[in-house]
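Report on the following structure.
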Amino acid sequence: MEKNQFQKIIQEKRKEIEKTKSQSLKKKDGINKPPKEQVINKVKNFIINNANIDPLYEDCTLKTFKSSILSQKNKKKYRRVANYINGIDTAIALPQSIYLYSEYPGIGKTHLAVAALHKAAEKIAENIYRNKEIIRYGNIPFSQGWTPIYFINVSEGLMDMKNDMEGSNQDFTRSKIYQNVKHSRLVVLDDIFNEIRYSPFVLETLLYWIDFRLKNNRATIFTSNHNFQRFLDDETNPISNERLKIISRNIASRVNKMVMNYKIAFDSSPDTDYRAIRN
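Under UniProt numbering, the letters of the sequence shown match residues 1 to 279, in that order.
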């Protein structure tokens with residue numbers, strides 16, 4: 001190969017490298033970055049899709065909650081919950097848990113709990129956008145199993161977990177559900193303390209989860225048709241088995257520590273099932 005031809009090849013290669021470098025620099029300058037809102041929504045949707053939220057509740061946000069149908073008393077309580085949701089990033093950081101209670105179903109507790117998850121996903125996505133440069137180019141450097149927020153209906157989730165583990169002859173503590181409820185930064189424990197769930201497996205698992213989350217500063221949102229305080233007193237505790245009564249009391253004691261002044265008791269009756277109206 002002639003010397004001039006060899007030099008020509010080198011020059012062309014240098015030009016190609018410079019062009020690639022220039023394109024890379026332009027991208028870093030933001031020319032090829034997708035819009036901020038688009039990236040944040042992409043991360044938010046990724047988080048929501050991993051959160052185990054039932055499709056029935058996927059559109060449950062503060063905007064879709066019809067607070068106008070509530071009584072004046074419940075509107076005041078709703079505003080307090082809405083303030084908690086809008087400040088969910090602070091609640092996660094403190095942490096501050098919340099207990100949403102009504103004697104009868106249909107008041108909108110689960111809707112509000114899922115609305116908090118949506119808001120948390122949005123806040124987490126915004127924070128990641130600010131602090132991780134790679135995100136700004138539309139890349140999501142997280143595994144498919146990343147679950148900073150998580151939803152579980154206590155009855156259905158524990159049943160699924162137990163069935164999965166029995167079918168595979170594995171220790172249930174290795175279940176993804178079990179681990180996600182332990183470690184996610186914000187968890188909704190939906191419909192806790194239902195009387196059909198007073199079994200050793202259910203209560204022992206709940207105690208472990210709640211104790212772990214309390215000790216490791218994890219915010220938790222509880223929804224229930226039962227006042228957890230009835231489990232703190234032997235005279236009002238509905239469980240007859242002495243061992244299970246003690247476990248339930250320990251659960252309620254930890255819940256009490258976690259929620260502190262954030263126990264929101266909505267007034268309800270058989271006539272306040274608003275689910276049909278909302279749908």
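For every residue, glycine included, the Cβ atom is placed at its ideal position computed from N, Cα and C. Keep in mind it's a predicted model, so treat the numbers as computed, not measured.
Of the listed residues the options, nearest to residue i (C-alpha basis)
i, options, result
"LYS42", "PRO141, LEU56, VAL114", "PRO141"
"ASP267", "ASN227, PRO238, GLU242, ASN139", "ASN227"
"THR147", "GLY87, ASN83, GLU58, ARG185", "ARG185"
"ASP89", "TYR99, VAL181, ILE246, THR220", "THR220"
"HIS111", "ARG130, GLY145, ASN127, SER67", "SER67"
"SER269", "LEU56, SER71, GLU16", "SER71"
"ARG218", "ASN49, LYS176, ILE149, GLY87", "ILE149"
"GLY145", "ASN127, GLN38, LYS176, ASN131", "LYS176"
"LYS123", "ILE134, GLY138, GLY87, ASN139", "GLY87"
Per-residue DSSP class, three states only, for residue i
i, result
"SER248", "helix"
"SER22", "Caution is warranted here: a pLDDT of 49 is assigned to SER22, below 50, making its placement in the model unreliable, and no coordinate value can be reported."
"LYS63", "coil"
"TYR178", "helix"
"ALA51", "coil"
"ASP190", "strand"
"PHE266", "coil"
"PHE212", "helix"
"TYR150", "strand"
"GLU222", "Glu is not the amino acid found at residue 222; the sequence shown has Phe there. Strand at PHE222."
"LEU94", "coil"
"GLN72", "helix"
"TYR198", "coil"
"TYR101", "strand"
"TYR274", "coil"
"SER240", "coil"
"SER184", "coil"
Length of the line joining the Cα atoms of residue i and residue j
i, j, result
"LEU25", "PRO34", "Its pLDDT being 43, under 50, LEU25 is placed unreliably in this model, and the value from its coordinates should be taken loosely. Their Cα atoms are separated by approximately 15 Å."
"ASP271", "LYS109", "16 Å"
"ILE85", "ALA116", "5 Å"
"GLN11", "ARG136", "34 Å"
"SER143", "THR223", "29 Å"
"HIS183", "GLU156", "19 Å"
"ARG275", "GLY106", "5 Å"
"ILE92", "HIS118", "13 Å"
"LYS263", "ARG80", "10 Å"
"VAL187", "SER102", "20 Å"
"ASN225", "ASP190", "10 Å"
"ASN54", "ASN153", "In the sequence on display, residue 54 carries Asp and not Asn. Computed Cα separation, rounded: 9 Å."
"PRO95", "ILE40", "24 Å"
"TYR178", "ASP273", "31 Å"
"LEU232", "SER97", "19 Å"
"VAL181", "ASN83", "24 Å"
"LEU100", "GLN229", "13 Å"
"LEU203", "GLU235", "19 Å"
"GLY138", "ASN194", "43 Å"
"LEU56", "ILE69", "21 Å"
Short Cβ contact (8 Å threshold) for residue i with residue j
i, j, result
"ILE192", "ALA125", "no"
"PHE172", "ASN52", "no"
"LYS205", "LEU158", "Per the sequence shown, residue 205 should be read as Thr rather than Lys. Yes; because the gap between Cβ atoms is below 8 Å, this pair is in contact."
"ARG249", "ASN237", "yes"
"ALA121", "LYS44", "yes"
"ARG254", "ILE210", "yes"
"TYR129", "LYS36", "yes"
"LEU207", "ILE247", "yes"
Short CB-CB distance (under 8 Å) between residue i and chain D
i, result
"ILE140", "In the structure shown, chain D does not exist; there is a single protein chain."
Any 3 or more C-beta pairs closer than 8 Å across the stretch 209 to 217 and the stretch 238 to 258
yes
Inter-stretch contact at 8 Å, needing at least 3 Cβ pairs: the stretch 72 to 83 / the stretch 180 to 198
no
Should the stretch 62 to 71 be regarded as contacting the stretch 152 to 166, the criterion being three or more beta carbon pairs within less than 8 Å?
no
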